[in-house]
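The block underneath contains the structure these notes are about, expressed in structure tokens.
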Amino acid sequence: MARGSRVAEAKKAATTSPPATSRRVAKSDLQTIVISLDRRPDRMEGCARRLAARCPGLPAERFPATDGKQAHIGAHEVAESWNTGRNVEYQKLRAVRKGWDDLDTYQVRTLALSPGERGCAMSHIRAWRRCLELAGGSNRPLLVLEDDAAPTEDFAPALSRTLQVLPSDAHLLYLGYSQAAEWRRELSPGLVEAEYVWTTVAYVADTIQSGGPQSITVCVAGVRLLGQVLTPSDTPAALR
Numbered sequence: 039m040a041r042g043s044r045v046a047e048a049k050k051a052a053t054t055s056p057p058a059t060s061r062r063v064a065k066s067d068l069q070t071i072v073i074s075l076d077r078r079p080d081r082m083e084g085c086a087r088r089l090a091a092r093c094p095g096l097p098a099e100r101f102p103a104t105d106g107k108q109a110h111i112g113a114h115e116v117a118e119s120w121n122t123g124r125n126v127e128y129q130k131l132r133a134v135r136k137g138w139d140d141l142d143t144y145q146v147r148t149l150a151l152s153p154g155e156r157g158c159a160m161s162h163i164r165a166w167r168r169c170l171e172l173a174g175g176s177n178r179p180l181l182v183l184e185d186d187a188a189p190t191e192d193f194a195p196a197l198s199r200t201l202q203v204l205p206s207d208a209h210l211l212y213l214g215y216s217q218a219a220e221w222r223r224e225l226s227p228g229l230v231e232a233e234y235v236w237t238t239v240a241y242v243a244d245t246i247q248s249g250g251p252q253s254i255t256v257c258v259a260g261v262r263l264l265g266q267v268l269t270p271s272d273t274p275a276a277l278r
């Protein structure tokens, strides 16, 4: 999850599919995992309290995070550096859209990924695999949170409303968004199709059938519609 991000603080959820027959997924049936480091039980305890207060009935369980300071993570799964070029492209689009006079401040760089960032990226790759395991032969979605998730007061009703109108062919539903480009389309008052996502907040991942058995490749193909290449992961994120 990008530094400083918190779930459910954005007004709209973002998806990447065109309108299609909506699926009916009840919040109480939405399997949920919370990524959390073994060495930080205090963070999981705090997250559990916030979810119980703001989203009671959500079937959430802890998902052990990969500790980048201790675990070996292969470069074939998570890169050791990342390039800011795509982000800069959309930072400039956002600046123009907002009328900011700071285009010369956005510079393309190649930066090293820290052990914490690589561990966080690996945690999410494992979460996608967990999604496939739990789904079995179905298209059952999985809600992925990090342990700094701080749902707002209207999180639960907003999530329920969005799940009822979510297109059946959506690959990912982001429960928050740092808007860069204009929305591709507005599917409902609380749901939009996004062109690019650079801030990972909470998201609902879905397994998609593609003429054969489900695989992590199919799941990643859906994520690539958002303009991100995720295996090997090369985006900065950190679990502390």
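Be aware that the sequence shown starts at 39, since it is given in our numbering, and climbs by one per residue. Glycine included, every Cβ here is placed at the ideal spot set by N, Cα and C.
| Query | Result |
| --- | --- |
| Does the beta-carbon of residue 186 have 16 or more other beta-carbons within 10 angstroms, so that it is buried, or is it exposed? | buried |
| Buried or exposed for residue 136, please, with buried defined as at least 16 other CB atoms from any protein chain shown within 10 angstroms of its CB. | exposed |
| Strictly by DSSP, which residues pair up with residue 121? | 148 |
| Using CA atoms only, rank isn't needed, just tell me which of 110, 141 and 138 is closest to residue 154. | 110 |
| With DSSP collapsed to three states, give me the class of residue 98. | strand |
| Is residue 232 closer than 9 Å to residue 240 when the C-beta atoms are compared? | no |
| Assess, as a yes-or-no matter, whether the region 162–182 is touched by the region 125–142 under the definition of 3 or more beta carbon pairs within less than 8 Å. | no |
| How about residue 177 and residue 76: are their beta carbons less than 9 Å apart? | no |
| Should residue 184 go down as buried or exposed, given a rule of 16 or more other Cβ atoms within 10 Å for buried? | buried |
| What residue range does the alpha helix (DSSP H) around residue 167 cover? | 153–173 |
| Below 7 Å CB to CB, which residues in the same chain sit around residue 80 once its five sequence neighbours on both sides are set aside? | none |
| Is residue 206 helix, strand or coil when you go by DSSP? | coil |
| Considering only DSSP beta bridges, list what residue 180 is partnered with. | 243 |
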